[in-house]
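The block underneath contains the structure these notes are about, expressed in structure tokens.
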Amino acid sequence: MGHWFSRNIVEPGKLPLFLALASFVLTFLVTRTVTRLIRAGKGPFRNVSTGGLHIHHVVPGVVLTILGGFGAVGSGRHGVGSAVFAVVFGIGAGLVLDEFALILHLDDVYWSEDGRKSVEVVVLTAALVLLALAGFSPLGVDDMTADERQDRASFLLTLGLNFLLVLVTAVKGKFRMAVLGTLIPFVAIVGAVRLARPGSWWSRRLYARRHRARARAKVRAYRHDKRWTRVRRKVQDLIGGFQERVPGRGSTPS
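In my numbering, each residue's number is its place in the sequence shown (first place is 1) plus 148.
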């Protein structure tokens, strides 16, 4: 295990990315645990306030993300400094994305239905970083040989084609697939080829007179949501604690 870690993580310069991912996931899990305890009124933890102002943990998260990001850029991929700044960045990113929904809605929606977006973004971010750690490169350029990379025409064509597939997938309303498609081209191909989701830009513009395609898209989206929405909500409940109803507690812990 030690030899594998040294050969695949340390030697290629992926240790900072590994540390950032580990600290990111750990920070998110610890933060969710603490906020759930605060919400339930258990343990020594309390909301942080100063002068009557409630301080959300996204605030120190932004500070740590900036420090870690600039520090990582200036320290390179090797050395103690890069590892330290990677951990700082991971901690800050974990705090920020745990309140992603608050930033998106500019409202305290931590425990509401909209607050589920935070958990979804954290899981998606962790998955993308894990894919990058495993060797995937953005837009699939890791599949190109050294000679192909020197050939600028084929290189730019590959980037342009992948970008086009990701863009089509996004305008078809499949944003998760579009994001994953930047690292796994096959995902973007599937998303671009299949029918658009109802209500998406693609559906409104290109299915306006194609009644059969619009009907098929609605049926397919209904079946997909019926199959996976319940599973996704259960996972979000397990990770985020949304199922833990606490009557009479209106404050949102941070």
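Idealized CB from N, CA, C, for every residue including glycine.
All figures in this text were calculated on a predicted structure; none of them were measured in a lab.
Enumerate in chain order the residues of its own chain whose CB-to-CB distance from residue i is below 6 Å, with the five nearest sequence positions on each side excluded.
i, result
"A405", "Since the first and last residues shown for the chain are 149 and 402, residue 405 lies out of range."
"A209", "Reading the sequence as shown, one finds Gly at residue 209 and not Ala. Closer than 6 Å at Cβ, skipping near neighbours: G240, L243 and V244."
"D262", "A249 and H253"
"P346", "A365, K366 and A369"
"G200", "none"
"R196", "Per the sequence shown, the amino acid found at residue 196 is Val instead of Arg. Same-chain partners within the cutoff: I203."
"L386", "none"
"T306", "none"
"W350", "V319, K320 and A344"
Would you tell me roughly how many angstroms separate the C-alpha atoms of residue i and residue j, rounded to the nearest one?
i, j, result
"E268", "Q384", "7 Å"
"P395", "G389", "Note on P395: pLDDT 49, under 50, position unreliable in the model; no value is reported."
"S399", "V182", "Confidence is the limiting factor: at S399 the pLDDT is only 47, short of 50, which leaves the residue's position unreliable and the question unanswerable from this model."
"F303", "L331", "16 Å"
"K322", "F311", "15 Å"
"I203", "R194", "11 Å"
"L165", "V235", "9 Å"
"R352", "V367", "16 Å"
"V341", "V270", "27 Å"
"V207", "S348", "34 Å"
"V158", "L177", "25 Å"
"G161", "A301", "29 Å"
"N156", "R358", "50 Å"
"G216", "L163", "15 Å"
"P192", "T377", "35 Å"
"T179", "D246", "8 Å"
"D373", "G219", "42 Å"
"G308", "K190", "53 Å"
"R397", "S260", "In this prediction, R397 has a pLDDT of 47, which is less than 50 and means its spatial position is unreliable; what the coordinates show is noted afterwards. Each residue's Cα considered, the two are about 13 Å apart."
"F153", "G222", "25 Å"
"V379", "G229", "41 Å"
"L382", "R371", "According to the sequence displayed, residue 382 carries Lys and not Leu. Cα-Cα distance, rounded: 18 Å."
"L281", "I214", "22 Å"
"H151", "L315", "40 Å"
"T198", "A188", "22 Å"
Give me the DSSP bridge partner(s) of residue i.
i, result
"Q205", "In the sequence as displayed, the identity of residue 205 is His instead of Gln. H205 pairs with nothing; no bridge assigned."
"S197", "H202"
Output needed for residue i: all residues of its chain with C-beta closer than 8 Å, excluding positions within five of it in sequence on either side, in chain order.
i, result
"L167", "A231, A234, V235 and G238"
"L313", "G329, P333, A336, I337, G339 and A340"
"K265", "F248, A249 and L252"
"V211", "G240"
To which residues of the same chain is residue i closer than 7 Å at the C-beta, ignoring the five residues directly before and after it?
i, result
"G339", "T317, K320, K322, M325, A326 and G329"
"L343", "A361, R364, A365 and R368"
"L250", "H204, V206, D256, V257 and Y258"
"L272", "R324 and V327"
"R184", "G389 and E392"
"H226", "G161"
"R375", "none"
"I186", "F193, R194, N195 and P401"
Please tell me whether residue i has its Cβ less than 8 Å away from any Cβ of chain B.
i, result
"E392", "You won't find chain B in this structure, because it holds only one protein chain."
Alpha helix (DSSP H) segments (min. 4 residues) lying fully within the region 329 to 359: Counting whole runs of 4 or more residues, the region 329 to 359 contains the alpha helix (DSSP H) stretches 333 to 341 and 349 to 354.
Three-pair Cβ contact test at 8 Å for the region 259 to 278 versus the region 164 to 173: The region 259 to 278 is in contact with the region 164 to 173.
Complete runs of the alpha helix (DSSP H) confined to the region 228 to 309 [at least 4 residues]: List check, alpha helix (DSSP H) in window: 228 to 246, 248 to 253, 264 to 282 and 294 to 298.
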